[in-house]
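Taking it in order: structure first as C-alpha cells, then the write-up.
Chains as they are written, first to last, in full-length UniProt numbering: chain A, 1 to 312; chain B, 1 to 593.
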C-alpha cells in the first residue's frame, strides 16, 4: 500500500517557489529518507504531507485516500523537543496520550510501554526540563509515538547527539520499522540515511533530484573510490605528475599533506600496493591511508555539484 | 476526559511556576489586604494626617486666625511666618496644602491664596479642597458673627424707622393743621383784607375830613368865644323858658276854658320839652365847646390823633402790604406744603417699604447669609466604601493574572514547540482552546474566591497581630452570589481571551508580558479605578467607557455596590462578552493550533 503519494506538488511563498513539481511515493513499512541541504524544501514537503501547510498545486494522498482518523495514524518527531518542560516524563506522556485520543484505560499501559522501550522508566517523575539532551530526545519520540501511529516523520532525529545515542536512535527506528511502521526521515547525515533508509530522495532548491534505494544511487551517481594518503611533508609536484602519468589518472590531487588518488573499482588492491611502494621508495613517509568508498555525499556532490558539508 | 486533561494541563502549567503559585495566592491577599487596610473607614473627620499650613498676612488683628488654629482639632494646622517657609513646607511634605491669608482691613474682603502640591493629580486637589472648606467654614463663622451684629443693628434701625414713619405722619398732620391755620389766617386776612388802595382811599377820605375839619376848625376857633357863651345863653333861655312855663302855668290856673288850658298845657309841655332839650342843647353846646376847644387845642387828643391816624394810615398801608405779603407767603407756604407733603409721602412710602423690607429681612437668619447651605452627606448606596475597593482589586488582580498567565503559558507552549504537537493531535482546536480557557478560568475563580473570602469574612483572631484583630473585612453586599459568579466568569473570560489575543501577536514571553502591560497599564488609568473618569476629557471618557477594564469594574461595582442584576448591567456584560468572542474568534482562526 502506498502510505504517502505526492504528485507534482509545488509550493509558493509569495513569489518565491520553495517546491517545484515534487513527486514521490512511499510504500508501507519503508524508511524513506529526505536528503538535502538547508532550504532544499524538505521541511516544506513534510509540513504539506502532515497537513500543517497547503500545497500551491499538486496532490498529496495518505493511506491511499483513507481519511478516517488520519491524525491518529500519523506522527511527527520534531527536530526540537516538543513537550512541557515543567511536567514530569510520565505527565507529559499521559497528557499527550489523552489529546491524541487514547482512552483512559489505554493510556497507562501505553505510557508504561513507551517509558520502558525508550529507557525512560527511571526518569518518569523527573521534570522533562531536567533531563539530559539525549533523554529529552527520547521523551520527544515517546510523546510523538504515544498514540501508536502508522506513519512517523522524524525530523533530523539525531542532530546533536553523541554517537552512542545516535546508535540507540537508529536501533529504535529500526525497531519501529520492524513493528510495521512507515517512517520518513529528514536528515543531513548521509551515513544515517545510508544506514537507515530503504529509499532516499535528494532535494535541492525545492526540486527532487533523484530518488531511489541508497545503494542504487551510490552505484549510479556515487562515482569511484578514492585513495587518500596522509604523507608527511606533502608530495612534490613532479611526483604527483608521475603518479598521474603512471595511473593514467589526471584527477590525482594533492592538498597539504593529503594525496587523493581516485581509483576505478577494479584492480583496487594492486594499485594501492603499487602506489604505496612507490611513494615509500621515493622516501615519503606515509603516516596513514584510507580508501574512501563512494557514498551519498558523493552522490549529492556529483548530482548537485556541491558537497553537503561544504554548504554547511 | 480529554477536555479535563487539557484543563488540568493548563492548571498544572501554572502550578509548575512556583512564582505563579505564589502570585495566585498572595496577590489577592496583598492587593485586597493592603488596599483595605489603607482605605477602610475613609472618613474625613478622622483624617488627622491632613496637615495644612497657613501664613497670616493680615494687616489687622483677626479672630479668624485664632479660629483656624483652635477650632479644628482633627486637622493638623501649622502656622508659618512667611510664604517662603510655607512653600518649603509643601516641598518637604511637612504640610499637604497651604493657605495664605491676606487682607487690609476687617471690613474688606479677605484674600486667600491656596497652595497645593499638584504633583499628585487626585489627592492633592482633594486636600486643597479640604483646606478651602476649612477657610470657608472659618470665614463663614466669622461672617456669621458680623452678620449677627449687623442684623441686630438693622433690627434696631427697623424699629427706629417705624418711629420715624410715625414722626413723618405726625409732621404731615402738623402740616395739615398748619395748613388749616393758614386757611384760617387767610380767611381772617381775607376778612380784614384791605388793599393799599383802600387805605389810600380811606386816607384820602380822612385827609378830606381832616381838611374839612381844619376848615371847620378855623370857624370853630373863631366862634369859640361865641360858643362859650352859648351854654350861658342856653341857661338863660332855659331860665326864660322856665319862667315862661311858670307864667304859663299861672295862666293855666287862671284860664277858664279847658280848650284854652289844653292849648296852654300843650304849650307848656312844648316849652318843657324845649327846656329839656335845651339842657341837652346845653350839654351839647358844652360838648361842642369841649370839642371846639379840643379841636382848637393842638395838644388835644383829636389833633394829636390826626398824626396818630396818619401813623395808623401808614401802618395800615404797611399792613395792607404785609397782608399782601402774608397772603403771598401763605400761598407759597401752601405750595411748599404740597411739595413737602408729596415728598413726605414719598419718604413715608420709602420708609414704609424699607421698613417692610427690613421686617422681611429681619426674618432671615444671619446664618443664612453667612452660610447659606449646610451640607449633609447622603450616600445613595448603603455600602461600605471598602466594597468599591474589592471590585477594583478584583478587576486588577484578574486582569493581571488572567491576561499575563494566559499569554505567558500560550507563548511558552509555542516556544517549547508544544503547539506543533497539539496541532497535529486529533483533538480539535476548539477543544484545545476551550480546555485552556477553562483551566485559566479555574485559576481566576480561585483568586476571586480568595478575594471574596478576605472581603466578606470577618473571623476574630485570638490575639492581635500588628493591630489586626480579625481576618477579613466583613463586607456586606446585596449581590446575588450566582450573578456575582457569572460576572467573575465573564470578566475573567474577557481577560483570558485578551491574553490569548496578545499571545497570538508576539513571539516570546518577555514581549508577551510587555505587551500585556502595555495594554493593562493604560486601561488601569483610564478605567476609573486609579483616577476618576470625571477628570478626563469627554472624548476620553467615551473611550474609557468601552474599555474592558472599565466595563469589568462597572459590572462588579454594579453587582456588589449598587445591588443591580446582570440584566440591568446588560451593556457592560454584553460588551465584555463581545470582546471575549471577538478576541477568541481572532485567535481561533488566526492561530494554527
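Note that beta-carbon positions come from the ideal geometry of N, C-alpha and C, so glycine has one too.
Residue 349 of chain B classed as buried or exposed, judged by whether at least 16 other C-beta atoms fall within 10 angstroms:
Against the second chain, residue 349 of chain B aligns to sequence position 349. By the neighbour-count rule (16 or more Cβ atoms within 10 Å), residue 349 of chain B is not buried but exposed.
Nearest to residue 470 of chain B by alpha carbon, out of B/286, B/405 and B/455?
Numbered from 1 along the second chain, position 470 holds the residue referred to as residue 470 of chain B. Nearest option by C-alpha distance: B/455.
In terms of DSSP beta bridges, what is residue 79 of chain B paired with?
Residue numbering aside, residue 79 of chain B sits at position 79 when the second chain is read from its first letter. Answer is B/54.
Consider the Cβ of residue 87 of chain B: report whether some Cβ of chain A lies at a distance smaller than 7 angstroms.
As a working mapping, residue 87 of chain B is identified with position 87 in the second chain. By this cut-off, residue 87 of chain B is not an interface position.
Is there at least one Cβ from chain A nearer than 7 angstroms to residue 426 of chain B's Cβ?
The residue labelled residue 426 of chain B in the question sits at position 426 within the second chain. Interface residue, yes.
Meets three-Cβ-pair contact criterion under 8 angstroms: the segment 430-443 of chain B and the segment 102-114 of chain A:
Result no; under three Cβ-Cβ pairs closer than 8 angstroms.
Pull out every residue of the segment 78-91 of chain A whose Cβ sits closer than 8 angstroms to any Cβ of chain B, in chain order.
Taking 8 angstroms as the Cβ-Cβ cut-off against chain B, the residues of the segment 78-91 of chain A that qualify are 78, 80, 81, 82, 83, 84, 85, 86, 87 and 91.
Output yes or no for whether 7 angstroms exceeds the beta carbon distance between residue 282 of chain B and residue 231 of chain B.
To locate residue 282 of chain B, count along the second chain from 1; it is residue 282. To locate residue 231 of chain B, count along the second chain from 1; it is residue 231. Yes, the Cβ-Cβ distance between residue 282 of chain B and residue 231 of chain B is below 7 angstroms.
Let me check one thing: in DSSP terms, what residues is residue 11 of chain A bridge-paired to?
Within the first chain, the letter at position 11 stands for residue 11 of chain A. DSSP lists A/19 as the bridge partner or partners of residue 11 of chain A.
Alpha carbon to alpha carbon, how far is residue 483 of chain B from residue 172 of chain A?
As a working note, residue 483 of chain B is residue 483 in the second chain. As a working note, residue 172 of chain A is residue 172 in the first chain. Each residue's alpha carbon lies about 56 angstroms from the other.
Going by beta-carbon coordinates alone, are residue 293 of chain A and residue 182 of chain A separated by less than 7 angstroms?
The residue you call residue 293 of chain A lines up with position 293 of the first chain. The residue you call residue 182 of chain A lines up with position 182 of the first chain. The criterion of a C-beta distance shorter than 7 angstroms is not satisfied by residue 293 of chain A and residue 182 of chain A.
Nearest to residue 157 of chain A (by Cα), restricted to the options A/149, A/146, A/141 and A/164:
Taking the first residue of the first chain as 1, we reach residue 157 of chain A at position 157. Of the candidates A/149, A/146, A/141 and A/164, the one whose C-alpha sits nearest the C-alpha of residue 157 of chain A is A/141.
Going straight from the alpha carbon of residue 8 of chain B to that of residue 205 of chain A, what length do you get?
What you label residue 8 of chain B is simply residue 8 of the second chain in a count that begins at 1. What you label residue 205 of chain A is simply residue 205 of the first chain in a count that begins at 1. The alpha-carbon atoms of residue 8 of chain B and residue 205 of chain A are separated by roughly 44 angstroms.
Tell me the DSSP secondary structure of residue 315 of chain A in three-state form.
No information on residue 315 of chain A is available, as it lies outside the stretch 1 to 312 that chain A covers here.
Please state whether DSSP places residue 5 of chain A in a helix, a strand or coil.
By 1-based counting over the first chain, the position of residue 5 of chain A is 5. When secondary structure is reduced to three states using DSSP, residue 5 of chain A falls in the strand class.
Would you mind sorting residue 241 of chain A into buried or exposed? The rule is 16 or more other CB atoms within 10 Å of its CB.
By 1-based counting over the first chain, the position of residue 241 of chain A is 241. Classification of residue 241 of chain A: exposed, given that the 10 Å Cβ count is below 16.
Using a Cβ cut-off of 7 angstroms, which residues of the segment 499-528 of chain B contact any Cβ in chain A, in chain order?
Result list empty, no residue passes.
Between residue 331 of chain B and residue 199 of chain B, is the Cβ-Cβ spacing less than 7 angstroms?
In the second chain, counting from the first residue as 1, residue 331 of chain B sits at position 331. In the second chain, counting from the first residue as 1, residue 199 of chain B sits at position 199. Taking 7 angstroms as the cut-off, the beta carbon of residue 331 of chain B is found no closer than this to the beta carbon of residue 199 of chain B.
Quickly, what does DSSP pair residue 262 of chain A with across the bridge? List them, please.
Working through the first chain from its first residue, we reach residue 262 of chain A at position 262. DSSP lists A/226 as partners of residue 262 of chain A.
Which chain A residues sit within Cβ distance under 7 angstroms of residue 6 of chain B?
Translated into the one-based positions of the second chain, residue 6 of chain B becomes position 6. Per Cβ cutoff of 7 angstroms: 99.
Express the C-alpha separation of residue 62 of chain A and residue 68 of chain A in angstroms, rounding to a whole number.
Here residue 68 of chain A refers to the residue found at position 68 when the first chain is read from its first residue. Here residue 62 of chain A refers to the residue found at position 62 when the first chain is read from its first residue. Their Cα atoms are separated by approximately 11 angstroms.
Here's the rule I'm using: 16 or more other beta-carbon atoms within 10 Å means buried, otherwise exposed. How should residue 356 of chain B be labelled?
Counting from 1 along the second chain, the entry for residue 356 of chain B is found at position 356. Label assigned to residue 356 of chain B: exposed.
Interface flag, residue 442 of chain B vs chain A, CB-CB below 7 angstroms:
Residue 442 of chain B sits at position 442 when you count from the first residue of the second chain. Between residue 442 of chain B and chain A, the shortest Cβ-Cβ separation is not below 7 angstroms.
Inspect the beta-carbon positions of residue 504 of chain B and residue 591 of chain B and report whether they are closer than 7 angstroms.
For the purposes of this step, residue 504 of chain B is taken as the residue at position 504 of the second chain. For the purposes of this step, residue 591 of chain B is taken as the residue at position 591 of the second chain. The Cβ atoms of residue 504 of chain B and residue 591 of chain B sit closer than 7 angstroms to each other.
Straight-line Cα distance separating residue 37 of chain A from residue 310 of chain A:
Against the first chain, residue 310 of chain A aligns to sequence position 310. Against the first chain, residue 37 of chain A aligns to sequence position 37. Here residue 310 of chain A scores only 44 on pLDDT, less than 50, and its place in the model should not be relied on; the value that follows carries that caveat. Annotation: residue 310 of chain A to residue 37 of chain A spans about 10 angstroms, alpha carbon to alpha carbon.
Can you list the residues of chain A that residue 418 of chain B reaches, using a CB-CB cut of under 7 angstroms?
Mapped onto the second chain, residue 418 of chain B falls at position 418. Residues of chain A passing the Cβ test: 82, 83 and 84.
For a contact defined as C-beta to C-beta under 8 angstroms, what are the partners of residue 315 of chain A on chain B?
A query on residue 315 of chain A cannot be resolved here, the shown segment of chain A reaching from 1 to 312 and no further.
Which stretch, first to last residue, makes up the beta strand (DSSP E) that contains residue 210 of chain A?
In the first chain, residue 210 of chain A corresponds to position 210, counting from 1. Run containing residue 210 of chain A: 207-212, per the beta strand (DSSP E) assignment.
With residue 201 of chain A as the anchor, note down where its beta strand (DSSP E) starts and where it stops.
Position 201 of the first chain, counting from 1, holds the residue named residue 201 of chain A. For residue 201 of chain A, the enclosing beta strand (DSSP E) stretches over residues 199-204.
Contact the segment 186-193 of chain A vs the segment 17-26 of chain A: 3+ CB pairs below 8 angstroms:
Short answer: they don't touch.
Delimiting residues of the beta strand (DSSP E) encompassing residue 33 of chain A
Taking the first residue of the first chain as 1, we reach residue 33 of chain A at position 33. Per DSSP, residue 33 of chain A belongs to the beta strand (DSSP E) from 31-36.
By the DSSP assignment, the beta strand (DSSP E) with residue 75 of chain A in it spans what residues?
Walking along the first chain from the start, residue 75 of chain A turns up at place 75. From DSSP, the beta strand (DSSP E) with residue 75 of chain A extends over 74-77.
Using only CA atoms, which one of B/164, B/533 and B/522 lies nearest to residue 353 of chain B?
The residue you call residue 353 of chain B lines up with position 353 of the second chain. Distances from the alpha-carbon of residue 353 of chain B to those of B/164, B/533 and B/522 put B/164 closest.
Would you decide whether residue 40 of chain A is buried or exposed? Buried here means 16 or more other CB atoms lie within 10 Å of its CB.
Taking the first chain and counting its residues from 1, the one referred to as residue 40 of chain A is at position 40. So residue 40 of chain A ends up on the buried side.
State the CB to CB distance for the pair residue 82 of chain A and residue 417 of chain B, rounded to an integer number of angstroms; the pair is presumed to be in contact (CB under 8 angstroms).
Looking up residue 82 of chain A in the first chain gives position 82. Looking up residue 417 of chain B in the second chain gives position 417. Going by Cβ atoms, the distance from residue 82 of chain A to residue 417 of chain B rounds to 4 angstroms, so yes, they are a contact pair.
Going by the beta-carbon positions, is the gap between residue 194 of chain A and residue 73 of chain A smaller than 7 angstroms?
Locating residue 194 of chain A in the first chain gives position 194, counting from the first residue. Locating residue 73 of chain A in the first chain gives position 73, counting from the first residue. For residue 194 of chain A and residue 73 of chain A, no; Cβs fall outside 7 angstroms.
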